[in-house]
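Student: I have a structure here, written as structure tokens, and I will follow up with some questions on it.
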Amino acid sequence: MDTFAVRRYIIGLLIVFVGLVYVIRLFLLQVVDSTYKLSASNNVIRYVTQYPARGLIYDRNGKLLVHNEAAYDLMVNPLQLKPFDTTEFCQILDVDKAYVKESINRAKEYSGYKSSIFLKQVSSKTYAHLQEKLYKFPGFFVQARTLRKYSSDIAAHVLGYVGEVNDKVIEHDPYYKSGDYIGISGIEQSYEESIRGKKGVNVFLVDVHNRIKGPYAEGKLDKEAEVGANIISTIDVDLQAYGEKLMKNKIGSIVAIEPSTGEVLSLVSSPAYDPGLLIGRKRTENYVNLMTDTLKPLFNRALMAQYPPGSTFKVINALIGLQEKVIFPATRYDCNGAYYARNIRVGCHLHKSPTDLRQSIQVSCNTYYCNVFRSILDNKKYASIHDSFDQWQKYIMSFGFGQKLNTDFTNELKGIVPNKELYNRIYGERSWSSLTVLSLAIGQGELGTTPLQMANMTAAIANRGYYYIPHVVKEIEGDYEIDSRFTEKRKTLIDSAYFEIVIDGMDLAVNGEPGSGSTARSAHLEDIVVCGKTGTAENPHGEDHSIFIAFAPKDDPKIAIAVYIENGGYGSTWAAPTARLMIEKYLNGTISIPWWEQYILDANLMDITDEEKD
Amino acid sequence: MRRRINIWSNIDWLSVVLYLLMVILGWINIYAAVYNEEHQSIFDFSMRYGKQMIWISAAILIAFLVFIVDINFYSYFAYAIYGLMILLLILVLFFGVEVNAARSWFQFGTFRIQPSEFAKIATALAIARYLSTYNVQINTFKSYWRLAFLIFAPALLTFIQNDTGSAIVYFVFFLVLFREGLSIEILLLGVLMIILFILALVLEKLTIILLSIGMIFLVFAFIHRNLKNTGIALLILILSSLLTFGVNHIFETGLSYYYIIFISLGFSALVYTILAIRYKIRNVFALLIFLFGSIVFTFSVDYFFDNFLEPHQQKRINVVLGLESDPLGVEYNVNQSKIAIGSGGLTGKGFLKGTQTKYDFVPEQSTDFIFCTIGEEWGFLGTLTIVTLFLILLLRLISLAERQRSSFSRIYGYGVVSILFFHFAINIGMTIGLVPVIGIPLPFFSYGGSSLWAFTLLLFIFLRLDASRLEMLR
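Protein chains in written order, with the numbering used here: chain H, -3 to 610; chain D, 516 to 989.
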């Protein structure tokens, strides 16, 4: 074997030879040849999120309400930063050096190697200017975004607005990353999932001059963005605009529903604001202004203001009374200006006496309803007031009061409907009676209803006994369906026959002969039979609130409406004519009493004058 | 006790130190290659560096176990171990799982093991055992066959697993055989075939044939130092070519050039043979056989390349030979690897600062392409160090092998050197673009339990044998 020992040198030499070849090659590759160094610093990956355009929003007749506009966010990646000319940079972007320094530090704190936003919503002009010079600023790149653009300044509460997502949401839903937009109220929020589309991502190779060289890994990691679904809302934009015009300088709300479908034709909350204020760079500033405005324009009164319903509530008590068979259409009560019982006195205004059921609605007699209410609660059919009150409460709630209607608004309130437990707590179980809670008869006391609930009730009456859950979106384009709960009939606990009687009363209230005591003559239209009920809610802090509910036409109703005007005095003074104008506008398109219209348009019922507001 | 002391004082600590150094450096670079800001702890077992720590600890344990075992165990059970490995290689084809298109792993829960890594050790042992057997001569047909079987059986099985890279490793045993006296002609033949293989892919067949003819003439002239004979031979060839050409032209048989040349060659060959017998010129026959052999080989290379190699393998070879450019496909990996290494400069970008590795440009960063991390983060100094470490280890192992009294130990030692050398050369060569992309790990550096344990076993069995070298007789 040892004769071959010399071969070990050959093997050894072979090994050394290979090693040497490699070392030389490595030397050439690493030290001598600089192309690879450039190549390496060239090869930087960039993840660019593709933000899809949010779905558009249309009104029920196909008119565009909300669309999108391109905006650009300037992003920075600290790992790729190299020294650059800050003066020129500041000049192009119109920011100061301190901001640049601060923002870069902020980005570095967020992550040493991940990209983050450096400057939001750069204008297209700045963007164009910047793109030319972007090669001078490695580490910076632009991400295209879309911002909302509103066709006009109306329907802010219905449409909602879009803002940056906050940390809590990011924690719960991994779809969102810091800096993403999300709908914050209204349709933008309720239909966020379908309207936002789906983000996509493009992964690029970027060279040392900050130019995109091409897709990384042949685009294997790329994902297409999906455009958001368009939404067709139930709102009639012309009606909505008109309603907001009418409510200018007044505080209150209008809600109009189409009774046969539950579609919300108009939702006005006044004072309102221009939705365009809450987009773009000025957003934060404007938002703070709106938040601190004492008139609370951001507060959606249609859904969240809980008012006592006042006299409008009488129709419900009438229906309950009929259903419970404690009163009949011909039942009469006398009224001499007040209702007396033991040591209670409920005042009423002067009107003809006695009144039957229909007339009681026509003239809005408090006495009548104190009687009706007591009859309901003191009904011998029930063992105690607890049981009768329970039943009364059930009736009320079957109209959608005291609970969320489960609409597609995200911030509706339940309203307040008392239950026996409440009174048991306040007065003691055996210590209250129908007299104690008498104010409920005329819609005062421990009652709170939102304008939406009142409009819904009106729709239920118009339909003679059932309603559809009010909703503000008619259709979503594409594969999405609106929830089936919106097409289910919800029946009240009152037989439909009884509604006709009450409706007759509401007809009389509006269309009774002048001088017959009809409280709502100001809502009368020549060619359409409007049925309505006035209400005046007591306000211990100031002027009473003016309320009116109505639907028209009497047969085959097309619109059910509820109007609330704070500090408006009697229902017939402001709320009723406003409702009449809305109805006429919707059904006829033109107004027959332009002078009255002008009067209402010009009226200013806010506590403070224009000068004070500014 | 005497034996114990002997072992400890006789261990080649240089090799052990080199081993530990490489393992630790390997671990550091795996950390850098797989570094994830969110899992920075070195003990994070969901990350590869955490796992590698476990593998390293187990490997050290294995090294200890190796030393406890009696030295005769290895030679005694060499064939048995070999047989077991063959069995496992067969079984893995049926019961194994596929990883990266190669069915070469056994899976036990989350634990995976690759028998082909260990089969190399078994083959080295078996060859050592066979060649150290009394009365075995290497240059006999009997031993050729047996050695061929020992080497090609596991190679073939590994190839069937679709792990071509590991299959090719077995060819390196020729170095072992070379040291043990394999006739140089066979080795030369092998080398020539490789050269011809490469040429056959790069050059046109015609060129090769003409080249071969030219070569043969030169060799003939060289052997016989007789220009006259060479001249006559040349004349004969030219004449027969002209003849064939002329026949073709006149009768317009429309044969392709290849056929013409073959016919004229055949003709000439006939004449040569007759003349050779008549005038007793030696070696003509052998040379002619060689010529025709090369031509046949050339054609079969093409055939083999087109019909037996997978497209991706074809591509890889073509890319290395510069025949094909595939910047986004196969070439992409090598390109990225070269960029990563090349961008390291003299001193590298610094620990954890390698942009190529950070952004995952290089595939298989912690396994086959671990060298890139070293190149990028530690620069030329880093790569030089690694190459030097390997060279020192390999040369040291050779000198250890040479000082063995027992031929079993020596042969096994050369087996270790060859296997390590092959892995080292191919792996690093692949990352710098000198060798087609063959997926085999860099010993001690690449991530992986199977590979680390196999290499540890491979090395430490030899160190064990070396530690007891004074006690062994043969």
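We put the beta carbon where it would ideally sit given N, CA and C, even for glycine.
Is DSSP giving N198/H helix, strand or coil here?
Tutor: In the first sequence, residue 198/H corresponds to position 202, counting from 1. In this structure, N198/H counts as strand in the three-state DSSP scheme.
Student: Is there contact between the region 537 to 555 of chain H and the region 450 to 457 of chain H, where contact requires at least three CB pairs shorter than 8 Å?
Tutor: With a cut-off of 8 Å, the region 450 to 457 of chain H and the region 537 to 555 of chain H count as touching, because enough Cβ pairs lie within range.
Student: Starting from the beta carbon of F114/H, find every residue of chain D whose beta carbon is closer than 7 Å, and list them in chain order.
Tutor: To locate residue 114/H, count along the first sequence from 1; it is residue 118. Neighbours of F114/H on chain D: none; closest Cβ ~21 Å, over 7 Å.
Student: For M(-3)/H and E695/D, I'd like the C-alpha separation in whole angstroms.
Tutor: What you label residue -3/H is simply residue 1 of the first sequence in a count that begins at 1. What you label residue 695/D is simply residue 180 of the second sequence in a count that begins at 1. Confidence at M(-3)/H is low in this model, with a pLDDT of 47, below 50, so the placement of that residue should be treated as unreliable; the coordinate-derived value is given next. When rounded, the distance between both Cα atoms is 6 Å.
Student: My assumption, with CB atoms under 8 Å, is that L443/H sits in contact with P305/H. Please give the rounded CB distance.
Tutor: Within the first sequence, residue 443/H is the residue found at index 447, counting from 1. Within the first sequence, residue 305/H is the residue found at index 309, counting from 1. Sure, about 6 Å apart at Cβ, within 8 Å.
Student: Looking at the structure shown, is P669/D part of a helix, part of a strand, or coil, going by DSSP?
Tutor: Translated into the one-based positions of the second sequence, residue 669/D becomes position 154. Looking at P669/D - three-state DSSP - the assignment turns out to be helix.
Student: For a cutoff of 8 Å on Cβ pairs, would you count V902/D as touching chain H?
Tutor: Numbered from 1 along the second sequence, position 387 holds the residue referred to as residue 902/D. Answer yes: the Cβ-Cβ gap between V902/D and chain H drops below 8 Å somewhere.
Student: Near S430/H, which residues of its chain fall below 6 Å by C-beta distance, leaving aside the five closest residues on each side in sequence?
Tutor: Here residue 430/H refers to the residue found at position 434 of the first sequence. Closer than 6 Å at Cβ, skipping near neighbours: R370, L373 and D374.
Student: Going along chain H in order, which residues have a C-beta closer than 7 Å to the C-beta of I913/D?
Tutor: The count along the second sequence starts at 1 and reaches residue 913/D at position 398. Within chain H, the residues near I913/D are R4, I7 and G8.
Student: List the residues of chain D that L22/H touches, going by C-beta distances under 8 Å, in chain order.
Tutor: To locate residue 22/H, count along the first sequence from 1; it is residue 26. Chain D residues near L22/H: I856, G890, F895, T898, L899, V902 and I947.
Student: Got a sec: is the Cβ-Cβ distance from L690/D to anything in chain H below 8 Å?
Tutor: In the second sequence, residue 690/D corresponds to position 175, counting from 1. Yes, because at least one Cβ of chain H sits closer than 8 Å to the Cβ of L690/D.
Student: Any idea which residues DSSP pairs F686/D with across the strands?
Tutor: Locating residue 686/D in the second sequence gives position 171, where the first residue counts as 1. Answer by DSSP bridge pairing: none, since F686/D is not bridged.
Student: Exposed or buried, which one is H168/H when buried takes at least 16 other CB atoms within 10 Å?
Tutor: Within the first sequence, numbered from 1, the residue matching residue 168/H stands at position 172. H168/H comes out exposed.
Student: Comparing alpha-carbon positions, which option in V202/H, D523/H, V19/H and V251/H lies nearest V468/H?
Tutor: Residue 468/H sits at position 472 when you count from the first residue of the first sequence. Answer by Cα proximity: V251/H.
Student: Of all the CB atoms in chain D, is at least one closer than 8 Å to the CB of F0/H?
Tutor: Taking the first residue of the first sequence as position 1, residue 0/H is located at position 4. By this cut-off, F0/H is an interface position.
Student: Can you tell me whether V950/D is helix, strand or coil according to DSSP?
Tutor: Numbered from 1 along the second sequence, position 435 holds the residue referred to as residue 950/D. DSSP places V950/D in coil when its eight states are reduced to three.
Student: By the three-class DSSP mapping on this structure, what secondary structure does M(-3)/H have?
Tutor: As a first step, residue -3/H must be located in the first sequence, where it is residue number 1. Caution applies to M(-3)/H, whose pLDDT of 47 falls short of 50 and renders its modelled position unreliable; the value that the coordinates give is listed next. Here M(-3)/H sits in coil by DSSP.
Student: My assumption, with CB atoms under 8 Å, is that N677/D sits in contact with A617/D. Please give the rounded CB distance.
Tutor: In the second sequence, the residue the question calls residue 677/D occupies position 162. In the second sequence, the residue the question calls residue 617/D occupies position 102. Confirmed, Cβ separation roughly 5 Å.
Student: Kindly indicate if chain H contains any beta-carbon less than 8 Å away from that of A992/D.
Tutor: Here chain D has residues from 516 to 989 only, and residue 992/D is not among them.
Student: Checking contacts by CB at 8 Å: is I930/D closer than that to chain H?
Tutor: Translated into the one-based positions of the second sequence, residue 930/D becomes position 415. Correcting the residue type first, residue 930/D is Gly in the shown sequence and not Ile. So no, G930/D is outside the interface.
Student: Suppose the cutoff is 7 Å on Cβ atoms and the five residues either side in sequence are ignored; what does the same chain contact list for I907/D look like?
Tutor: Start at 1 with the first residue of the second sequence, and residue 907/D comes out as number 392. Only L533 meet the Cβ criterion.
Student: For F760/D, collect the residues of the same chain with a Cβ closer than 7 Å to its Cβ; drop the 5 residues on either side in sequence, then sort them by chain order.
Tutor: Along the second sequence, one-based indexing puts residue 760/D at 245. Closer than 7 Å at Cβ, skipping near neighbours: I775.
Student: If you measure between the beta carbons of Y123/H and Y43/H, is that distance less than 8 Å?
Tutor: For the purposes of this step, residue 123/H is taken as residue 127 along the first sequence, with counting starting at 1. For the purposes of this step, residue 43/H is taken as residue 47 along the first sequence, with counting starting at 1. Not in contact: Y123/H and Y43/H (Cβ atoms no closer than 8 Å).
Student: If you measure from the beta carbon of F737/D to each beta carbon in chain H, is any gap under 8 Å?
Tutor: The sequence position of residue 737/D within the second sequence is 222, counting from 1. No, its Cβ sits nowhere closer than 8 Å to a Cβ of chain H.
Student: With C-beta atoms as the reference, is A668/D less than 8 Å away from I601/D?
Tutor: Translated into the one-based positions of the second sequence, residue 668/D becomes position 153. Translated into the one-based positions of the second sequence, residue 601/D becomes position 86. Their beta carbons are under 8 Å apart, which means A668/D touches I601/D by this criterion.
Student: Determine the chain H residues that contact E917/D at a beta-carbon separation under 8 Å, and present them in chain order.
Tutor: Counting from one through the second sequence, the residue named residue 917/D turns up at place 402. Near E917/D (Cβ distances below 8 Å), the residues of chain H are A1 and R4.
Student: For M300/H, report the span of its alpha helix (DSSP H) as first-last.
Tutor: Reading the first sequence from its first residue, position 304 is the one you call residue 300/H. That run of the alpha helix (DSSP H) goes R297 to M300.
Student: Who are the neighbours of K657/D on chain H, taking C-beta pairs under 8 Å?
Tutor: If you number the second sequence from 1, residue 657/D lands on position 142. Under the 8 Å cutoff, chain H gives no residues; its nearest Cβ is about 18 Å from K657/D.
Student: Give the DSSP-derived three-state secondary structure of I472/H in the structure shown.
Tutor: Mapped onto the first sequence, residue 472/H falls at position 476. The answer is strand: DSSP assigns I472/H an E or B state.
Student: State buried or exposed for Y157/H, treating a residue as buried only when at least 16 other CB atoms are found within 10 Å of its CB.
Tutor: Taking the first residue of the first sequence as 1, we reach residue 157/H at position 161. It is buried - the Cβ of Y157/H has at least 16 other Cβ atoms within 10 Å.
Student: What's the gap between the Cα of Q319/H and the Cα of N313/H?
Tutor: Here residue 319/H refers to the residue found at position 323 when the first sequence is read from its first residue. Here residue 313/H refers to the residue found at position 317 when the first sequence is read from its first residue. In a straight line, the C-alpha of Q319/H is about 10 Å away from that of N313/H.
Student: Within the 8 Å Cβ cut-off, does Y18/H reach chain D?
Tutor: Taking the first sequence and counting its residues from 1, the one referred to as residue 18/H is at position 22. So, interface residue.
Student: Which residue's Cα is closest to the Cα of H345/H: Y329/H, T363/H and A337/H?
Tutor: The residue labelled residue 345/H in the question sits at position 349 within the first sequence. H345/H has its Cα closest to that of T363/H, out of Y329/H, T363/H and A337/H.
Student: Among V525/H, E471/H, I457/H and S512/H, which residue has its Cα nearest to the Cα of A493/H?
Tutor: Residue 493/H sits at position 497 when you count from the first residue of the first sequence. The shortest C-alpha separation from A493/H is found at I457/H.
Student: For the region 565 to 576 of chain D and the region 585 to 594 of chain D, state whether three or more C-beta atom pairs, one from each stretch, are separated by less than 8 Å.
Tutor: No, because fewer than three Cβ pairs between the region 565 to 576 of chain D and the region 585 to 594 of chain D fall closer than 8 Å, the two stretches do not touch.
Student: What residues in its chain sit with their C-beta under 7 Å from that of V932/D, if we drop five residues either side in the sequence?
Tutor: Position 417 of the second sequence, counted from the first residue, corresponds to residue 932/D. Cβ within range, chain order: L909, L912, I913 and A916.
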